[in-house]
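Engineer: I'd like to ask some things about the structure below.
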Amino acid sequence: MINPVTKTLGMALAVSALLGFSLSAATAADKPSGDNLKKHQTSPSGKYQPSLDVMPGQKMEQPGQKEGVPTLTKAEFGIANKIYFERCAGCHGVLRKGATGKPLTAKVTKELGFDHLKSFITYGSPGGMPNWGTSGEMSENEIDIMARYLLNEPPTPPEFGMKEVKSTWKVHIPADKRPKKKMNNLNIENLFSVTLRDAGQVALIDGNSKKIVHIITTGYAVHISRLSASGRYLFVIGRDALVNMIDLWMKTPATVAEIKIGMEARSVETSKYKGYEDKYAIAGAYWPPQFVIMDGDTLEPLKIVSTRGMTVDTQEYHPEPRVAAIVGSHYKPEFRVNVKETGKILLVNYEDINNLKVTSIAAERFLHDGGLDSTKRYFLSAANARNTIAVIDMKEGKLVKLITENDGIGTTPHPGRGANFVHPKFGPVWATSHLGDETVALIGTDPKGHPKQAWKVVQSLEAQGGGSLFVKTHPKSKNLWVDSPLNPEADVASSIAVFDINDLSKEYQVLPIGEWSGISEGVRRVVQGEYNKAGDEVWFSVWNGKKQESAIVVVDDKTRKLKAVIKDKRLVTPTGKFNVYNTMNDVY
Ligand code: DHE
3 MINPVTKTLG MALAVSALLG FSLSAATAAD KPSGDNLKKH QTSPSGKYQP SLDVMPGQKM
63 EQPGQKEGVP TLTKAEFGIA NKIYFERCAG CHGVLRKGAT GKPLTAKVTK ELGFDHLKSF
123 ITYGSPGGMP NWGTSGEMSE NEIDIMARYL LNEPPTPPEF GMKEVKSTWK VHIPADKRPK
183 KKMNNLNIEN LFSVTLRDAG QVALIDGNSK KIVHIITTGY AVHISRLSAS GRYLFVIGRD
243 ALVNMIDLWM KTPATVAEIK IGMEARSVET SKYKGYEDKY AIAGAYWPPQ FVIMDGDTLE
303 PLKIVSTRGM TVDTQEYHPE PRVAAIVGSH YKPEFRVNVK ETGKILLVNY EDINNLKVTS
363 IAAERFLHDG GLDSTKRYFL SAANARNTIA VIDMKEGKLV KLITENDGIG TTPHPGRGAN
423 FVHPKFGPVW ATSHLGDETV ALIGTDPKGH PKQAWKVVQS LEAQGGGSLF VKTHPKSKNL
483 WVDSPLNPEA DVASSIAVFD INDLSKEYQV LPIGEWSGIS EGVRRVVQGE YNKAGDEVWF
543 SVWNGKKQES AIVVVDDKTR KLKAVIKDKR LVTPTGKFNV YNTMNDVY
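For the sequence shown, the residue numbers in my numbering are 3 to 590.
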């Protein structure tokens, strides 16, 4: 039985922490006590924040010190810079001008003062600022350094233009030296590319034998994989913005080209429109705020586009709007690009790279992830810090609707790419779960066949609890899987809820995936279901710490019974899994 507090109320704190709301209450500077102190604590999902680990390694000048402002030695500046980018920049912005969290410019911090800053960092706030001091994550000395660092002007990280991008570009095997046909006996379409997050590698796992066939070194804290339209090339992006292009036709699949498209990044995609298959790749950066279009054969950088600009609501300049999810359109020669902090969805037409046409759709701020509906015409994107799903018509190039919490979206939707299925009563729907509560919103996606239900939350299911990141189903399945890896309760984090699509009024079933893995150490967070090509089995990562054992658990879709456990010393922190066929065809 799940603690109801964890199920709902407890998540409110977690979510505001996720979103990095801070400095909201001036009184938070006073030392809290008793129950109030508890309200200042951060839950595990509060840690689900962009950590810009790569940035402190970049050359940054220490800003000149001003009179009346506490000083920092060079060594202290180095320490503070590292802490800021790893722990604070995700919410407060690289330039401290605010992102999901409040601005921390020197003007703002001066008004707050040294003692207030110290206290705030130590105790956190009920509004979501993590309690870095009382949680033991920062020492008193580090907090003192951080308070002084924040009173000084922020350093400006370098830009990363064509010269820098090009200097990182390597073609290991030119296109004409690559195989003309597939040279291995891999069943490529049922291959899984598995993110080994903390190893900076991907594991290629054969979907049939469930054996690791190759391990390929990729970027730092590697994030996602995507496929070229033909399925031959696998593109992987690391948080250090390194894109690896892997040729799956080679006898031993390997990286044939690589490039860094910035300093921090999360997304990569390929051109999917008819006639442009395998022609272009695109990757989006968190820093600098930009996306880069590349040649699909060589990764040669062709065009860099900055995303700096005005926010859609207050129409104020934002200096660092990050690029979040990118999807290749099937309806037009376009990439659909989420620009997080300004709230714009860009439709980037790649027919003529030199005269690039970009349609800018005003959606909602804090766009993050999202996916296509089953017809691939509509894109549904979470503006998660605004509890909103934005629907875009990729054919017409227009915003269809912003579905908000007033329409039934829960707290902090986090769909991954979402899940499409036919609801027995309401027709085709797309589903998202939430980080901030236990609900799963089902949104009607069939304006022609089911106009009354279209773009409405037709049903809201209750799953195990908040802290959910991904939902999954398959066109051949009658199961809807909902994970909750960031739930503060270990039992919830290490299991999966599964709903019967044929009868959604039925209580979900809980499968103890963590237990099934046979691993006894760690929290065993169960994350991101992914189907095999046939759609008859679903894979879950059992994600433990870097030094702990992790695994992948395969469940039979029909019987919901354990089918296999994949364990291997090399399977370090497996998280995302990308089946080649499903990813190249956007099946989810
Ligand atoms: Fe992700 C997708 C950003 C943390 C696993 N993640 C995405 C996308 C974005 C994003 C913008 C959409 C890419 C696209 O579709 O083009 N992720 C971020 C962050 O900013 C964040 C919150 C913090 C960070 O510092 O990176 C973050 N992500 C994580 C994790 O901690 C996860 C759970 C484990 C990991 O490997 O890092 C994680 N993110 C994933 C996965 C996807 C993803 C598995 C792709 C899901 C899919 O089905 O396509």
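From the three backbone atoms N, C-alpha and C, an ideal C-beta is built for every residue, glycine too.
All figures in this text were calculated on a predicted structure; none of them were measured in a lab.
Quick check on threonine 561: buried or exposed, where buried means 16 or more other Cβ atoms within 10 Å of its Cβ?
Structural biologist: Exposed, because fewer than 16 other Cβ atoms sit within 10 Å of the Cβ of threonine 561.
Engineer: Relative to the C-alpha of cysteine 90, which candidate in Asn408, Ala149, Ala364 has its C-alpha closest?
Structural biologist: Checking every option, the nearest Cα to that of cysteine 90 belongs to Ala149.
Engineer: Check for me: the beta strand (DSSP E) holding lysine 165 runs from which residue to which?
Structural biologist: Looking at the DSSP string, lysine 165 is not in any beta strand (DSSP E); the run it does join, the alpha helix (DSSP H), is 164-169.
Engineer: Taking the beta carbon of asparagine 581 as the centre, do at least 16 other beta carbons fall within 10 Å, making it buried, or is it exposed?
Structural biologist: Buried, by the Cβ-count rule.
Engineer: Identify, in the order they occur along the chain, each residue of the same chain with its Cβ nearer than 8 Å to the Cβ of arginine 367, setting aside the five sequence neighbours on each side.
Structural biologist: Correct list, in chain order: Thr313, Val314, Asp315, Lys342, Glu343, Thr344, Gly345, Ala385, Ala387, Arg388.
Engineer: My output table needs one value for proline 430: the three-state DSSP class, helix, strand or coil.
Structural biologist: DSSP places proline 430 in strand when its eight states are reduced to three.
Engineer: Within 7 Å: the Cβ of aspartate 371 and any heavy atom of the ligand DHE?
Structural biologist: Because some heavy atom of the ligand DHE lies under 7 Å away, the Cβ of aspartate 371 counts as near it: yes.
Engineer: Return yes when the Cβ of valine 557 is within less than 8 Å of the Cβ of leucine 513, no when it is not.
Structural biologist: Closer than 8 Å, so yes.
Engineer: In chain order, what residues of the same chain have a beta carbon less than 7 Å from the beta carbon of arginine 98, not counting five sequence neighbours either side?
Structural biologist: For arginine 98, where only same-chain residues beyond five positions count, the Cβ hits under 7 Å are Pro105, Leu106, Thr107, Pro156.
Engineer: Taking DSSP as the reference, what is the three-state secondary structure of alanine 27?
Structural biologist: Only weak support exists for where alanine 27 lies, its pLDDT of 34 falling under 50; the coordinates are left without a value.
Engineer: Leaving out the 5 sequence neighbours to the left and right, which residues in its chain are closer than 6 Å to isoleucine 261 when beta-carbon positions are compared?
Structural biologist: For isoleucine 261, where only same-chain residues beyond five positions count, the Cβ hits under 6 Å are Thr170, Trp171, Val245, Leu301.
Engineer: Could you tell me the boundaries of the alpha helix (DSSP H) in which arginine 150 lies?
Structural biologist: Run containing arginine 150: 142-153, per the alpha helix (DSSP H) assignment.
Engineer: With a 10 Å radius around its C-beta and 16 neighbouring C-beta atoms as the bar for buried, classify aspartate 1 as buried or exposed.
Structural biologist: Here the chain covers residues 3 to 590 and nothing more, so residue 1 does not appear.
Engineer: Quick one, which of Ser211, Asn187, Ile175 has its alpha-carbon nearest alanine 256's?
Structural biologist: Of Ser211, Asn187, Ile175, the residue nearest in Cα terms is Ile175.
Engineer: Considering only residues of the same chain and omitting the five flanking positions on each side of glutamine 60, which have a CB-CB separation below 7 Å?
Structural biologist: Result list for glutamine 60: Pro159, Pro160, Met265, in chain order.
Engineer: Which term fits aspartate 354, buried or exposed, when burial requires 16 or more other beta carbons within 10 angstroms of its beta carbon?
Structural biologist: By the neighbour-count rule (16 or more Cβ atoms within 10 Å), aspartate 354 is not buried but exposed.
Engineer: Within 10 angstroms of the Cβ of arginine 419, are there 16 or more other Cβ atoms? Answer buried if so, exposed if not.
Structural biologist: It is buried - the Cβ of arginine 419 has at least 16 other Cβ atoms within 10 Å.
Engineer: For methionine 62, which residues of its own chain have a beta-carbon under 6 Å away from its beta-carbon, when the five flanking residues on both sides are left out?
Structural biologist: Excluding residues within five positions, the ones whose Cβ falls inside 6 Å are Pro157, Pro159.
Engineer: Buried or exposed: which applies to methionine 586, given that a residue is buried once 16 or more other Cβ atoms fall within 10 Å of its Cβ?
Structural biologist: Classification for methionine 586: buried.
Engineer: Tell me the DSSP secondary structure of arginine 234 in three-state form.
Structural biologist: Three-state result, arginine 234: coil.
Engineer: Kindly list the residues whose CB is nearer than 8 Å to the CB of threonine 272, restricted to its own chain and excluding five residues on each side of it in sequence; keep chain order.
Structural biologist: The residues are Arg228, Leu229, Ser230, Ala231, Tyr235, Phe237, Asp280, Tyr282, Ala283, Ile284, Gly298, Gly330.
Engineer: With hydrogens ignored, establish whether the beta-carbon of asparagine 578 is closer than 7 Å to any heavy atom of the ligand DHE.
Structural biologist: It is glycine, not asparagine, that sits at residue 578 in the sequence shown. Because some heavy atom of the ligand DHE lies under 7 Å away, the Cβ of glycine 578 counts as near it: yes.
Engineer: In the structure shown, what three-state DSSP assignment does histidine 216 receive?
Structural biologist: Strand, per DSSP.
Engineer: Measuring CA to CA, which of Ser522, Asp55, Asn408, Lys565 is closest to glutamate 551?
Structural biologist: Measuring from the Cα of glutamate 551, the nearest candidate turns out to be Ser522.
Engineer: Keeping to the same chain, check which residues put their C-beta closer than 7 Å to that of aspartate 570; ignore five residues upstream and five downstream.
Structural biologist: So the qualifying residues of the chain are Ile214.
Engineer: Quick one: what does DSSP say aspartate 315 is sitting in, helix, strand or coil?
Structural biologist: Aspartate 315 falls in the coil class under three-state DSSP.
Engineer: Within 10 angstroms of its Cβ, does glutamine 67 collect 16 or more other Cβ (buried), or is it exposed?
Structural biologist: The residue in question, glutamine 67, is exposed, as its Cβ has fewer than 16 Cβ neighbours within 10 Å.
Engineer: Nearest-angstrom Cα distance between serine 269 and histidine 225?
Structural biologist: Near 8 Å, if we compare the C-alpha coordinates of histidine 225 and serine 269.
Engineer: Can you check DSSP and say which residues form a bridge with alanine 492?
Structural biologist: None, per the DSSP bridge assignment.
Engineer: Can you find at least 3 beta carbon pairs, one from the region 107-122 and one from the region 77-85, that sit closer than 8 Å?
Structural biologist: Output reads no: the region 77-85 does not touch the region 107-122.
Engineer: Ignoring anything shorter than 3 residues, give me the beta strand (DSSP E) runs that lie fully in the region 511-543, in order along the chain.
Structural biologist: Those beta strand (DSSP E) runs which fall completely within the region 511-543 and span 3+ residues are 511-513, 527-533.
Engineer: Can you tell me whether DSSP reads asparagine 351 as helix, strand or coil?
Structural biologist: It is a strand residue.
Engineer: For tyrosine 319 versus glutamate 336, is the C-beta distance shorter than 8 Å?
Structural biologist: No. Outside cutoff.
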